[in-house]
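Asks: Protein chains in written order, with our numbering: chain A, 304 to 386; chain Z, 304 to 386.
Note that the Cβ used here is the ideal one computed from N, Cα and C, for glycine as well.
Please read all numbers here as calculations on a predicted model, not as lab measurements.
Structure incoming, see below.
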DNA sequence: TCTCATTTGTTCGTATGTATC
DNA sequence: AGATACATACGAACAAATGAG
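Set out below in C-alpha cells:
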C-alpha cells in the first residue's frame, strides 16, 4: 500500500484551470501543509479520488518531481523529499 | 500449482474488441462450459498462453470477480465460485 | 522454524490511439 | 492545428500470502 487517502483533493472539471495543474497545486499545498506524506497516495488511489486518469495523475506528479519536491521509486511509490 | 493449461483461450490482437474483454468473455464461456475450473490458470500461465501482460489478465479476471463468478486468494489462485 | 517456489497484489514507467477543447 | 485528457495495453520491480519440504 502507498500513502493514505487524501480527501483534501478536489478537482473541479468546470474550472478553467487544467486538471493536471489543479492536482499539482493541491498536492503541493497538501505536502507543504504536512497533510500529505511522507508517501503520496498511489496513482491508482488518486485516480479513484479525483476521477482523473493515470496519464493526468502522472503529469501532475511529474511537476512536483521536476520541482524537487517529491521523487518516485518504481514499484514502490512516490515520496516527499525531506532535506 | 494452479489450474491446468487452457488451450481454449485465443486472443486476436487484430480484433476490434479489446483484449481484456476478449479474455474475460472466453474465460467466462470456458467456466460455464465446465472446461475451466475449479482453479483458473495462474496469471503467469495466462500471460504465456495469451501473450498479454499481467495487468490485462488481472483486469479480465477482475471482471469475473465483480460478476461473482470467481474469487481470488492471494498465494493460492483464482477459483470458480460454486453456489 | 526456516527456506523456497508459486501466486496474487501493488506500484511506477512507457507507448499508442482516440476524443475533446 | 495543437494541447489536453481519456482508454487501453505493455513492461518492470517489489511486496505479501500460501504451502511444501
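So for residue 368 of chain A, helix, strand or coil by DSSP?
Replies: Counted from its first residue, the first chain places residue 368 of chain A at position 65. Helix, per DSSP.
Asks: On the criterion of 16 or more Cβ atoms from any shown chain inside 10 Å, does residue 320 of chain Z qualify as buried, or is it exposed?
Replies: In the second chain, the residue the question calls residue 320 of chain Z occupies position 17. Classification of residue 320 of chain Z: exposed, given that the 10 Å Cβ count is below 16.
Asks: In terms of residue numbering, what span does the beta strand (DSSP E) encompassing residue 380 of chain Z cover?
Replies: For this step, residue 380 of chain Z is matched to residue 77 along the second chain. Counting along the chain, the beta strand (DSSP E) containing residue 380 of chain Z begins and ends at 380 to 383.
Asks: Return yes when the Cβ of residue 327 of chain Z is within less than 8 Å of the Cβ of residue 367 of chain Z, no when it is not.
Replies: Reading the second chain from its first residue, position 64 is the one you call residue 367 of chain Z. Reading the second chain from its first residue, position 24 is the one you call residue 327 of chain Z. It is a contact, given that the beta carbons lie within the stated cut-off.
Asks: Could you tell me how far apart the beta carbons of residue 361 of chain A and residue 346 of chain A are, in whole angstroms, since I believe they sit closer than 8 Å?
Replies: As a position in the first chain, residue 361 of chain A is number 58, starting the count at 1. As a position in the first chain, residue 346 of chain A is number 43, starting the count at 1. At roughly 6 Å, the Cβ-Cβ gap stays under 8 Å, so residue 361 of chain A and residue 346 of chain A are in contact.
Asks: Express the C-alpha separation of residue 353 of chain Z and residue 315 of chain Z in angstroms, rounding to a whole number.
Replies: Translated into the one-based positions of the second chain, residue 315 of chain Z becomes position 12. Translated into the one-based positions of the second chain, residue 353 of chain Z becomes position 50. Going from the Cα of residue 315 of chain Z to the Cα of residue 353 of chain Z covers about 9 Å.
Asks: Can you give me the Cβ contacts of residue 333 of chain Z inside the same chain, cut-off strictly under 6 Å, excluding the 5 residues immediately before and after it?
Replies: Counting from 1 along the second chain, the entry for residue 333 of chain Z is found at position 30. 311 and 339, listed in sequence order.
Asks: Return yes when the Cβ of residue 344 of chain Z is within less than 8 Å of the Cβ of residue 383 of chain Z, no when it is not.
Replies: For the purposes of this step, residue 383 of chain Z is taken as residue 80 along the second chain, with counting starting at 1. For the purposes of this step, residue 344 of chain Z is taken as residue 41 along the second chain, with counting starting at 1. No. Outside cutoff.
Asks: Please identify the residue among Z/350, Z/357, Z/376 and Z/379 whose C-alpha is closest to the C-alpha of residue 309 of chain Z.
Replies: For the purposes of this step, residue 309 of chain Z is taken as residue 6 along the second chain, with counting starting at 1. Closest option to residue 309 of chain Z, Cα to Cα, is Z/350.
Asks: Please report the straight-line C-alpha distance between residue 376 of chain A and residue 386 of chain Z, rounded to a whole angstrom.
Replies: To locate residue 376 of chain A, count along the first chain from 1; it is residue 73. To locate residue 386 of chain Z, count along the second chain from 1; it is residue 83. When rounded, the distance between both Cα atoms is 43 Å.
Asks: For the alpha helix (DSSP H) holding residue 337 of chain Z, just list the boundary residues, first then last.
Replies: As a working mapping, residue 337 of chain Z is identified with position 34 in the second chain. First-last for residue 337 of chain Z: undefined, no H or E at that position.
Asks: If I measure Cβ to Cβ from residue 322 of chain Z and keep anything under 6 Å in the same chain, skipping five residues before and after, which residues do I get?
Replies: Counted from its first residue, the second chain places residue 322 of chain Z at position 19. Cβ within range, chain order: 314, 355 and 359.
Asks: To the nearest angstrom, how far is it from the Cα of residue 324 of chain Z to the Cα of residue 380 of chain A?
Replies: Sequence index remark: in the second chain, residue 324 of chain Z carries index 21 (1-based). Sequence index remark: in the first chain, residue 380 of chain A carries index 77 (1-based). Their Cα atoms are separated by approximately 29 Å.
Asks: Who are the Cβ neighbours of residue 371 of chain Z in its own chain at under 7 Å, not counting the five residues just before and after it?
Replies: As a first step, residue 371 of chain Z must be located in the second chain, where it is residue number 68. Correct list, in chain order: 384.
Asks: Note the first and the last residue of the continuous beta strand (DSSP E) segment covering residue 373 of chain Z.
Replies: In the second chain, residue 373 of chain Z corresponds to position 70, counting from 1. 373 to 376 is the span of the beta strand (DSSP E), which, as asked, contains residue 373 of chain Z.
Asks: In angstroms, rounded to a whole number, what distance separates the CA positions of residue 365 of chain Z and residue 374 of chain A?
Replies: Here residue 365 of chain Z is taken as the residue at index 62 of the second chain, counted from 1. Here residue 374 of chain A is taken as the residue at index 71 of the first chain, counted from 1. Taking the straight line from one Cα to the other gives about 30 Å.
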